[in-house]
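Novice: Per UniProt numbering, the very first residue in the sequence shown carries number 1; after that it's consecutive.
Ideal Cβ positions, reconstructed from N, Cα and C, are used throughout, including at glycine.
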Amino acid sequence: MSSIEKILIRGIRSFEADAGDAATISFYSPLTLITGHNGSGKTTIIECLKYATTGELPPGSKGGAFVNDPKVGYNFCFETAAHV
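(1) How many Å lie between T24 and G55 at the Cα?
(2) Run through DSSP, which three-state label would A52 get?
(3) Going by DSSP, name the residue or residues bridged to K42.
(4) Can you give me the Cβ contacts of I22 inside the same chain, cut-off strictly under 6 Å, excluding the 5 residues immediately before and after it?
(5) If you follow the beta strand (DSSP E) that S3 is part of, which residue opens it and which one closes it?
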């Protein structure tokens with residue numbers, strides 16, 4: 001069975017592009033809950049997971065809307081640790 005251990009998100013929507021401000025989210029077995037207030041980035045985390053695993057950009061993200069920092073452009077930074 002495949003599993004994702006953690007994901008690092010940087011330069012995507014509300015997640016800062018600076019290396020020091022990157023968000024690292026660890027996933028634990030058997031379940032990790034993603035909770036937070038409205039607008040805190042829960043959906044962005046799910047969209048980043050989808051992009052990291054399938055390469056599919058979220059709907060409506062054509063033209064770079066998925067990227068927060070224009071300096072990053074389409075050089076998204078995803079570091080995903082997984083067991084396959």
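Specialist: Based on what the coordinates show:
(1) 19 Å
(2) helix
(3) K42 is not bridged to any residue.
(4) Per the sequence shown, residue 22 should be read as Ala rather than Ile. So the list reads L8 and R10, once near-sequence residues are dropped.
(5) S3 to R10
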